[in-house]
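A.B. asks: FYI, this note's numbering numbers position 317 of the sequence shown as 397, with every residue one higher than the one before it.
The beta carbon of each residue, even a glycine, is placed where N, CA and C say it ideally should be.
Quick one: this structure, given as structure tokens, is what I'll be asking you about.
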Amino acid sequence: MILLFSLSRAFHWVQIGCEIPILQVSQVLIMTLEEYSIMVLGQFLPDTTVVHAVVIAGATVMIWFGSAWLESSAEHLSSYYGLPAVVQGSIVVAVGSSFPELMSVIITASDGSFGLGVGAIVGSAIFNILVIPALSGIATDAAVDANRTIVYKEAQFYMLSVSTLVITFALAIIYYPAESEVGLSGFVTRPLALIPLLLYGLYLFIQWQDIGDYAGGSTDDTSNIPRQWGRLIAGLVIILLAVELLVGAVKGLNATFGIPGFLAGVTILAAATSLPDALVSVRAARDGRGVTSLGNVLGSNTFDLLVAIPVGVLIAGSAQISFSVAAPMMGVLTVATIILFTVLRTDLTLTQPESYILLIAYFVFVGWVIGETIGAFEYIKI
Numbered sequence: 081m082i083l084l085f086s087l088s089r090a091f092h093w094v095q096i097g098c099e100i101p102i103l104q105v106s107q108v109l110i111m112t113l114e115e116y117s118i119m120v121l122g123q124f125l126p127d128t129t130v131v132h133a134v135v136i137a138g139a140t141v142m143i144w145f146g147s148a149w150l151e152s153s154a155e156h157l158s159s160y161y162g163l164p165a166v167v168q169g170s171i172v173v174a175v176g177s178s179f180p181e182l183m184s185v186i187i188t189a190s191d192g193s194f195g196l197g198v199g200a201i202v203g204s205a206i207f208n209i210l211v212i213p214a215l216s217g218i219a220t221d222a223a224v225d226a227n228r229t230i231v232y233k234e235a236q237f238y239m240l241s242v243s244t245l246v247i248t249f250a251l252a253i254i255y256y257p258a259e260s261e262v263g264l265s266g267f268v269t270r271p272l273a274l275i276p277l278l279l280y281g282l283y284l285f286i287q288w289q290d291i292g293d294y295a296g297g298s299t300d301d302t303s304n305i306p307r308q309w310g311r312l313i314a315g316l317v318i319i320l321l322a323v324e325l326l327v328g329a330v331k332g333l334n335a336t337f338g339i340p341g342f343l344a345g346v347t348i349l350a351a352a353t354s355l356p357d358a359l360v361s362v363r364a365a366r367d368g369r370g371v372t373s374l375g376n377v378l379g380s381n382t383f384d385l386l387v388a389i390p391v392g393v394l395i396a397g398s399a400q401i402s403f404s405v406a407a408p409m410m411g412v413l414t415v416a417t418i419i420l421f422t423v424l425r426t427d428l429t430l431t432q433p434e435s436y437i438l439l440i441a442y443f444v445f446v447g448w449v450i451g452e453t454i455g456a457f458e459y460i461k462i
């Protein structure tokens, strides 16, 4: 009831203020959800570590449940509209399964903790590149098949996405510098946020041309389509509420243990919000749809970098980014992509031994992040 009252209040403001820009309307809706999260975590539940851990687990289950609806409905709708496998994986399913990451950035940007959201995006991207293909390869008896479209178009466009985001951050440092205790920092403004969004527009155009060249057909019953759209919307709403609770619980752990926001985003929040991508890709790989599985990984990461972060900036107005923190993470992301690109190019398959290599690389990354955070590497620096 409290949540319904808060949402009704938000829609009331929308109705009486039609002249309010859509970004301000989005901020109102996010703030009502944040009030709901604070009320649940602060008034109805005690502020303890155990409660935060339970909330994180519960929110993760909600994300899994909502993602199951979303993934199933997106798959049926893609089949009905006759989309090719690569487009299904790299746009339709990828955007749907990336909804938790998008919401994490929007929520954290709205309440001034943008570093947590960026950490979730970067950590999720690394998780997607290394862990999800590894799990897909381990969960199947045969090798995960790829094709030249995945290797030469999707992977290389994704590398371009990483470079574009780094350039955007660099422009923020040059033209909108900010004072910071952790090195070079700057403000990513709305005009700068349009740069990656324009590149994603090019990505959609390329995929649209592929759809035009593809002779697909409808396979689903028309009468089932409204129900599938309803399940898709319901799944998105469940994920939205779950991510709000998840962010609130992670912030509680940050305050209790003094965990830096970026570290919490790269590890805890990234793993939790990447669950839909993992479920979608592993299921597709087990069904023998390796192209869709790998396309979801690369398409999801492209969406996260080129859309999720810029949308958060558009809603917040501007967001401060630490280049000294973001640049090393982008470097790791580039190396991870090169590793995946290399193993996929060998016979255009991902074998189980190669999957274990990807998994080991991710654990090395997590160890490096923790070591950098606690200053363990200061003693070995020259």
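Just curious, the alpha helix (DSSP H) that T382 is in, first and last residue?
C.D. replies: Where T382 is concerned, the enclosing alpha helix (DSSP H) stretches over 370–383.
A.B. asks: If you draw a straight line from the C-alpha of M410 to the C-alpha of L430, how long is it?
C.D. replies: Cα to Cα, M410 sits roughly 24 Å from L430.
A.B. asks: In chain order, what residues of the same chain have a beta carbon less than 7 Å from the beta carbon of F145, not counting five sequence neighbours either side?
C.D. replies: Answer for F145: I318, listed in chain order.
A.B. asks: With the cut-off set at 8 Å, would you say A351 and F207 are in Cβ contact?
C.D. replies: Yes, they are a contact pair.
A.B. asks: Which value, in whole angstroms, describes the spacing of the CA atoms of Y436 and N381?
C.D. replies: Near 21 Å, if we compare the C-alpha coordinates of N381 and Y436.
A.B. asks: Between A335 and the rest of its own chain, which residues show a CB-CB distance below 8 Å, the 5 nearest in sequence each way excluded?
C.D. replies: The answer is none, since no qualifying residue turns up.
A.B. asks: Just to confirm my understanding: we take A322, look at its own chain, exclude 5 residues before and 5 after, and list those with CB closer than 7 Å. What are they?
C.D. replies: Excluding residues within five positions, the ones whose Cβ falls inside 7 Å are A139, M142, I143, G146.
A.B. asks: Would you call T422 buried or exposed, if buried means 16 or more other Cβ atoms sit within 10 Å of its Cβ?
C.D. replies: T422 comes out exposed.
A.B. asks: Name the two residues that bound the continuous alpha helix (DSSP H) containing I401.
C.D. replies: It is not in any alpha helix (DSSP H) - I401 instead sits in the beta strand (DSSP E) that spans 398–402.
A.B. asks: Do you know how far the Cα of I286 is from the Cα of A90?
C.D. replies: With a pLDDT of only 38 at A90, under the threshold of 50, the placement of this residue in the model should not be trusted, and no figure is reported.
A.B. asks: Measuring CB to CB, does Q400 end up less than 8 Å from S190?
C.D. replies: Not a contact, by the Cβ cut-off of 8 Å.
A.B. asks: For E259, tell me which candidate among F443, Y160, S404 has the shortest Cα-Cα distance.
C.D. replies: Measuring from the Cα of E259, the nearest candidate turns out to be S404.
A.B. asks: Please classify S265: does DSSP put it in a helix, a strand, or coil?
C.D. replies: The answer is strand: DSSP assigns S265 an E or B state.
A.B. asks: If you draw a straight line from the alpha carbon of P340 to that of V211, how long is it in whole angstroms?
C.D. replies: So the alpha carbons of these two residues sit roughly 23 Å apart.
A.B. asks: What would DSSP say about F445, mapped onto helix, strand or coil?
C.D. replies: Helix, per DSSP.
A.B. asks: In whole angstroms, give me the CA-to-CA distance for A137 and P180.
C.D. replies: Spanning the two alpha carbons is a distance of roughly 15 Å.
A.B. asks: May I ask you to report which of helix, strand or coil DSSP gives D357?
C.D. replies: Residue state, collapsed to three classes: helix.
A.B. asks: So E151 is in the alpha helix (DSSP H); what residue range does that whole segment cover?
C.D. replies: Counting along the chain, the alpha helix (DSSP H) containing E151 begins and ends at 129–160.
A.B. asks: Note down the Cα distance separating G447 from V346, rounded to an integer number of angstroms.
C.D. replies: Answer to the nearest angstrom: the Cα atoms are 12 Å apart.
A.B. asks: For L386, which residues of its own chain have a beta-carbon under 8 Å away from its beta-carbon, when the five flanking residues on both sides are left out?
C.D. replies: Excluding positions up to five away in sequence, the list reads S241, T244, L245, P276, L277, L279, Y280, Y283.
A.B. asks: Quick check on T422: does DSSP put it in helix, strand or coil?
C.D. replies: The answer is helix: DSSP assigns T422 an H, G or I state.
A.B. asks: Where does A258 sit, in a helix, a strand or coil, going by DSSP?
C.D. replies: Correct three-state label for A258: strand.
A.B. asks: Look at G199 and A344 and say whether their C-beta atoms are less than 8 Å apart.
C.D. replies: Taking 8 Å as the Cβ cut-off, G199 and A344 qualify as a contacting pair.
A.B. asks: Quick check on the burial criterion: 16 or more other C-beta atoms within 10 angstroms. Buried or exposed for P213?
C.D. replies: So P213 ends up on the buried side.
A.B. asks: Run through DSSP, which three-state label would L428 get?
C.D. replies: Coil.
A.B. asks: What residues are listed by DSSP as bridge partners for L367?
C.D. replies: It is worth fixing the name first, because residue 367 is Asp in this sequence and not Leu. Answer by DSSP bridge pairing: none, since D367 is not bridged.
A.B. asks: Between which two residues does the alpha helix (DSSP H) harbouring G203 extend?
C.D. replies: That run of the alpha helix (DSSP H) goes 194–219.
A.B. asks: So the candidates are V449, I454, P408, T417; which of them puts its Cα closest to the Cα of F237?
C.D. replies: That would be T417, whose Cα lies nearest to the Cα of F237.
A.B. asks: What is the residue span of the alpha helix (DSSP H) that K331 lies within?
C.D. replies: Unbroken alpha helix (DSSP H) run through K331: 305–337.
A.B. asks: Going by C-alpha distance, which of V393, V371, T426, F445 is nearest E234?
C.D. replies: Closest by alpha carbon: V371.
A.B. asks: Candidates A219, T353, E155, Q289: which alpha carbon is nearest R311's?
C.D. replies: Taking only the C-alpha atoms, the option nearest R311 is E155.
A.B. asks: Buried or exposed: where does I247 fall if 16 or more other Cβ atoms within 10 Å of its Cβ makes it buried?
C.D. replies: With fewer than 16 Cβ atoms within 10 Å of its Cβ, I247 is classed as exposed.
A.B. asks: Determine the burial state of D225: buried for a count of at least 16 other Cβ atoms within 10 Å of its Cβ, exposed for fewer.
C.D. replies: D225 comes out buried.
A.B. asks: With distances taken Cα to Cα, identify the nearest neighbour of L355 among T128, A133, L150.
C.D. replies: The candidate whose alpha carbon is nearest that of L355 is L150.
A.B. asks: Kindly give me the distance between the Cβ atoms of V377 and I209, rounded to whole angstroms, as I take these residues to be in contact under 8 Å.
C.D. replies: Yes, they are in contact, since the Cβ atoms of V377 and I209 sit about 7 Å apart, within 8 Å.
A.B. asks: Is L84 helix, strand or coil when you go by DSSP?
C.D. replies: Because L84 carries a pLDDT of 37, less than 50, the predicted location of this residue cannot be relied on, and the following value inherits that uncertainty. Of the three classes helix, strand and coil, the one that applies to L84 here is helix, per DSSP.
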